[in-house]
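See structure below.
Numbering (the working numbering), first residue to last: 4 to 290.
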């Protein structure tokens, strides 16, 4: 049970729910976060009901996917690197939006609300699995114990969004068991196909597409994200990995990480991530 803000000390609030000693900070501040995030979106689209909610209620997603991608990354950054107060407020805003939305998914006939616990859990598990899997394949130094600790830490993120912690996988084996159990319910619906196309080939203004490196750069990230999906997910999309073998995908994401690590820290971290490190350092100069 997450305590109320009145139960936090100022030091706890500053550190946030994870802090610089957590595995979550290591994984979410790594350059592989962007590729893992795209992998998570591709995986999430395979749940017909969850994908229906995205297609219905992420306003303008078909025409302009960038705002949703930015909002999602900002939310995860805030939960991870913000103060506890900031994280709780961000989660409350999302819960308030979710509780007002619902619909009927055509292929299954299911009536749902966006905040149904099983849908929230699916989104959570896709995110955790993707960020962890991509980080490990890219060479982020994580032991098996670190990986289990990361999954356990992220139970807090699930609880903040409204999932009972008892229902959330708290280790790598539990996470794998969750995916094994849910796979029969997954499908590539027309909405999932649309989401795939938008992620791999997002709409861009003509001048951006042809006069800047944005399209090939994004295409490289998206191709990596597809290739790093589980084999069963790639088979569902009928895309083995855009011609990349598992070994080639691993080599590719390792090369991407090493390239990004050569950039200045401020260029490869969002302002929220950088602000978290600065805030903690100011509170504890020895940190």
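We put the CB at the ideal spot given by N, CA and C, even for glycine.
Predicted model only: the values in this text are computed from it and were never measured.
| Alpha-carbon to alpha-carbon, residue 203 and residue 128 | The straight-line gap from Cα to Cα measures roughly 22 Å.
| task | Give the DSSP bridge partners of residue 116, in chain order. | result | Residue pairing by DSSP puts residue 116 in a beta bridge opposite 105.
| query | Beta carbon of residue 52, beta carbon of residue 113: below 7 Å? | reply | In contact: residue 52 and residue 113 (Cβ atoms closer than 7 Å).
| Contact check, residue 134 vs residue 166, beta carbons under 7 Å | With contacts defined by Cβ atoms closer than 7 Å, residue 134 and residue 166 do not form a contacting pair.
| task | Below 6 Å CB to CB, which residues in the same chain sit around residue 149 once its five sequence neighbours on both sides are set aside? | result | Only residues of its own chain outside the window of five on either side were considered, and among them 26 have a CB closer than 6 Å to the CB of residue 149, listed in chain order.
| field | Buried versus exposed, by CB contacts within 10 Å (16 or more), residue 28 | value | Flag for residue 28 reads buried.
| Through-space distance from residue 240 to residue 79, alpha-carbon basis | Looking at the two C-alpha atoms, the distance is approximately 26 Å.
| task | Give me the Cα-Cα distance between residue 93 and residue 20, rounded to the nearest whole angstrom. | result | Rounded to the nearest angstrom, the gap between the Cα atoms of residue 93 and residue 20 is 13 Å.
| Rounded straight-line distance, which links the Cα of residue 178 to that of residue 208 | With a pLDDT of 48 at residue 208, under the threshold of 50, the modelled position of this residue cannot be trusted; read the value that follows with caution. In a straight line, the C-alpha of residue 208 is about 39 Å away from that of residue 178.
| request: Would you decide whether residue 156 is buried or exposed? Buried here means 16 or more other CB atoms lie within 10 Å of its CB. | output: Counting of Cβ neighbours within 10 angstroms places residue 156 among the buried residues, the total reaching 16 or more.
| query | In its own chain, which residues sit with a C-beta less than 8 Å from the C-beta of residue 268, not counting the 5 before and 5 after it? | reply | 277.
| Rounded distance between the beta-carbons of residue 255 and residue 224, thought under 8 Å | The beta carbons of residue 224 and residue 255 sit about 10 Å from each other, so the pair does not count as a contact at 8 Å.
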